[in-house]
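Numbering (my numbering), first residue to last: 68 to 221.
Cβ coordinates follow ideal geometry from the N, Cα and C atoms, glycine included.
Structure, as structure tokens:
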């Protein structure tokens, strides 16, 4: 990949500047700008520098366990944690995500799986929390005592 002296330019246009190789395991948070390509494993937050045109790519055999924040996130491997993409999220057919995805634009191939919620960046609070919580009203309290017993009998 890097042996020819040329940088790899993925389909989304940004050159890969940092590579986490297939046998690498990183424990801890990472801050980056430019292109970060993950073929190994990262256990920690992966955060793009504010205002950077950063692209995070998780390769088919790559995995991240932790929160991700970047303008563009491309997932072909495994992601456990919430994803915050200020511009775009691309999910390949082999993508496996356990967590919520906050996005502006999402592209999802057939076969990709998400265990969590897709949350649009412009979603009103009522869609995220329900109408009662958005209006500032507390959620109804669970039934207690006799009311709980009657609900169980019904």
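- Using a Cβ distance threshold of 7 Å, residue 135 and residue 104 do not count as a contacting pair.
- Short of 7 Å from the beta carbon of residue 128, and not among the five residues preceding or following it, lie these beta carbons of its own chain, in chain order: 89, 106, 144.
- DSSP links residue 132 through a beta bridge to 110, 147.
- DSSP places residue 138 in the strand class (E or B) of the three-state scheme.
- A straight line joining the alpha-carbon of residue 125 with that of residue 142 spans about 5 Å.
- Taking all protein chains shown into account, residue 156 has 16 or more neighbouring C-beta atoms within 10 Å of its C-beta and is therefore buried.
- Around the beta carbon of residue 130, 16 or more other beta carbons sit within 10 angstroms, so the residue counts as buried.
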